[in-house]
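Worksheet for the structure shown next.
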Amino acid sequence: MKPETAKKNIPSTNDPLQFVKGVGPKRALLLKKLGLETVDDALRFLPFRYEDLSRVKKISELVPGEHVTLAGTIANTGTTSMGIRKKVFEVIVQDETGFTRAKWFQFTEKYMKKKFPVGNFIVLSGKPVINRYAGSGLEFVHPEAESFAEEFPGEESIGQIFPVYHATEGLPIKALRNVMKNIINVYQDRIEEFLPEYLLEKYNFPGRAQALANAHFPPKDTDTVELENFKTAEQQRLIFEELFLIQLGLAFKRNLRKNETFGRAMTTRGPLIRQLIKFLPFELTGAQKRSLGEIMENLEQNFPMNRLLQGDVGSGKTIVALTALLTAVDNGRQGAMMAPTELLSEQHFSSLLPFCQKLGVSIELATATGTAKDRRELREKIANGTAQIVVGTHALIQEGVNFNDLGLIVVDEQHRFGVLQRDAIGKKGNQPHALIMTATPIPRSLSLTLYGDFSVSYLDELPAGRQPIKTQIFYEKTREKAYALLYKEILKGGQAYIVCPLIDESEKSSLKAVVETLAYVKMKFPDVSAELIHGKMKREERQKIMSDFQLGLVQVLVATTVIEVGIDVPNASVIMIEHSERFGLSQLHQLRGRVGRGERASHCLLIAYYPLTEEGKARLNAMKVFSDGFSIAEEDLKIRGPGDFLGARQSGMPFLRMANLLRDFEWIEIARNEAKHIMENNPELNTPDLKKLKQALGHYLGDKLDLINVI
Ligand code: ADP
Ligand code: MG
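Throughout the sequence shown, residue numbering follows numbering that gives the first Met the number 0, covering 0 to 710 in sequence.
Dropping the structure here:
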């Protein structure tokens, strides 16, 4: 890194962090891991929580289930075993009123020992639960905790309210806090305002410098309840500023697009569609018809469609997609369908193939596997238009795949794709129409922001004749009962999936789990035909097993999470999920959606193992109680808190730093209106009072704008 700005003596918020007091090259790398490279990045890296040391409770005052912050010293630490391979790290905390215990189940011993040396001071916060063997009768499971070598830094250095940041290994929170303090000290005066004066007045917002400084280090008299809920004027201003920039960016782009070349209108309800309807073995649901109507309406416009099709697992999105694809073919153009996994694209291919054959439409499967010659031939067919419909993974959007005339692209299970991939596919054709499908319900406020001006169609009705799925939880001791249930279903003619989780993120260890499970099933039920399927298998092998399962020749399919999305075998009526406590809620719901797709009454058997975290318990319980995707998403939100809701997989907006789309949804609408107001009056943002705003827009969004509204 070249210390360009360091040469100048005037500090600027664009300075690289490396030259901030307390950072240096090593920490600069760690900060980069957090996505922080400049002072400005760090300023916008706000605490996700605060520790209020002015309201610390004593151990004798603990009440079960009541959230508290506790301060004391570490009296002892140690690791104990609970059965094979299950270990607990415990910290005994002492204050002048007594002892209590904190424990962690998932940890690296070395790291914990270093983090919590005996004799250190400790601050922890969480909800105590009853355990009569703990000193105070109460203990903390997985609390937030921090230890200090010296007595807590006094108010002269930090204040009574401590910011808590998402730290990273190697960069303890204390160090991060000090870096932030140094930044505020040196740079606070350099922070420029960019919101126009009238907005500050209208919403009674503090200036930007004050807002950032106080959000990092709240003054002593801050209302801590407001603070915890991100409702202080300072926090609200920062939230607004971020959402406002995004909305302004979207509006700006919409404006530009008005002048862009148009997409091409299609004729809908052509001959292929009419024949398809005749061939369908079922009547379309009302929701399918309505969604199709909405799609057709878009396709008839000479403006590229941007439509999101939201439908719970099993609601019948595929057939809607096929109809849209065939409309492109009816118009002499090509259709493409992109799926997140090889397995799912193979499935789509084989379920669409019979329809295409009957209709005389050529359909091809494009995946990363296959010989170089196969791939070259396929590319030729795509390029000269002989391939009318192409189904594939992201191989579809690789360099060198050029469509003759791509009219429509369907992206299935959108939540599994990164934003960049969607961006790449948008560039594949000459303004293709786009249909994005997802089973993950996204609250409206969120989709407005995430998808800008996407229109949304909802498949809010399941095909007739579906029976509810019965979900049950089993534990190590009752696991046999679950297997007995599974066996009973198979004797009745059903089929089953058994899913094992990815352990330690490594494919290898999860393979071991499936292999062992398969052996167990074969040993227990020698008369049942069972096979295994996983991501690392050869394609032919996998296809053979999938098609045997489809035909009913294989009765039990033991699988890794490769079967998570999209797989459709209507006769499958049992899904058993091993170590279900390790799965996220939306993932469990997706997996459950593999059954209950036909007319059989289906079962979802969740096998859980102790120790269970509070969250783990809550997730399993939610699965038992709720069956539809929307309630599941809401529960997920409650359990995990909005911060995590979009998860790594779905973090389509890596640049959202301060606002939280769910918590702050009221501001989205306001920001949208304010942005609209500016665009209507001054679309170029070229008046003096908007100059800084325009700069901020370029600075913070710049090329990222393309990512918000990609296709
Ligand atoms: P998802 O929305 O999860 O992608 P699919 O498109 O895979 O759902 O459809 C689930 C199952 O329901 C498939 O077997 C499909 O053939 C069937 N299906 C779709 N639409 C209907 C309908 N209108 N009536 C009956 N079955 C349907
Ligand atoms: Mg699907």
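Note that CB positions come from ideal geometry on N, CA and C, so glycine has one too.
Looking from the CA of residue 608, the closest CA among 308, 580, 622, 369 belongs to 580. Counting the other Cβ atoms within 10 Å of the Cβ of residue 559 gives 16 or more, which makes it buried. Beta-bridge partners assigned by DSSP to residue 407: 334, 432. Inter-residue distance for residue 696 and residue 121 is about 43 angstroms (C-alpha atoms, whole angstroms). Excluding sequence positions up to five before and after residue 689, its CB lies within less than 8 angstroms of the CB of 195, 677, 681, all in the same chain and listed in chain order. Taking a cut-off of 8 angstroms for Cβ pairs, the segment 68-75 and the segment 39-59 touch, as three or more such pairs fall below it. Annotation for residue 274 indicates a beta carbon at 7 angstroms or more from all heavy atoms of ligand 1. Less than 8 angstroms divides the Cβ of residue 139 from the Cβ of residue 101. Contact between the segment 178-196 and the segment 34-49 is established, with three or more Cβ pairs separated by less than 8 angstroms. At least one heavy atom of ligand 1 sits closer than 7 angstroms to the Cβ of residue 569. Cβ contact annotation for residue 203 (same chain, cutoff 8 angstroms, sequence separation greater than five): 232, in chain order. Residue range 571-576 is occupied by the beta strand (DSSP E) that includes residue 575. A Cβ-Cβ separation of about 7 angstroms places residue 333 in contact with residue 386 under the 8 angstroms criterion.
With a 10 Å radius around the Cβ and a threshold of 16 neighbouring Cβ atoms, residue 399 comes out exposed.
A distance below 6 angstroms between beta-carbons, with the five flanking residues on each side excluded, links residue 553 to the following residues of its chain, in chain order: 528, 530, 547. The residue among 168, 142, 13 with its C-alpha nearest the C-alpha of residue 26 is 168. Under the three-state reduction of DSSP output, residue 238 falls in the helix class.
In chain order, 312, 313 place their CB closer than 6 angstroms to the CB of residue 592, counting only its own chain and leaving out the 5 sequence neighbours on each side. Your pair residue 433 and residue 408 checks out as a contact, with CB atoms roughly 5 angstroms apart and the cut at 8 angstroms. When the alpha-carbon of residue 97 is set against those of 110, 114, 74, the nearest one is in 74. In this structure, 211 is the residue among 277, 211, 604 with its C-alpha nearest to the C-alpha of residue 189. If you check the C-beta of residue 411 against ligand 2, you find a heavy atom less than 7 angstroms away. The beta-carbon distance between residue 193 and residue 207, rounded to whole angstroms, is 7 angstroms. This is short enough to meet the 8 angstroms contact definition.
Judged by the Cβ position, residue 281 qualifies as a neighbour of ligand 1 at the 7 angstroms threshold, a heavy atom of the ligand being closer than this. The beta carbon of residue 317 sits closer than 7 angstroms to at least one heavy atom of ligand 2. Residue burial annotation: residue 214 is buried, with at least 16 other C-beta atoms found within 10 angstroms of its C-beta. Rounded to whole angstroms, the gap between the alpha carbons of residue 28 and residue 36 is 9 angstroms. Taking 8 angstroms as the cut-off, the Cβ atoms of residue 236 and residue 217 do not count as close.
The closest CA to that of residue 116, considering only 88, 691, 12, 76, is found on 76. Within the same chain, and ignoring the five residues on either side of residue 57 in sequence, the residues whose Cβ sits closer than 7 angstroms to its Cβ are 94, 96. For residue 308, the enclosing beta strand (DSSP E) has its first and last residue at 305-310. Nearest to residue 500 by alpha-carbon distance, out of 534, 694, 289, is 534. The Cβ atoms of residue 264 and residue 411 do not sit closer than 8 angstroms to each other.
Taking C-beta separations shorter than 7 angstroms and ignoring five residues to either side along the sequence, the partners of residue 291 in its chain run 319, 322, following chain order.
In this structure, residue 484 sits near residue 602, with a CB-CB distance shorter than 8 angstroms. When the Cα atoms are used, residue 106 and residue 88 turn out to be separated by approximately 7 angstroms.
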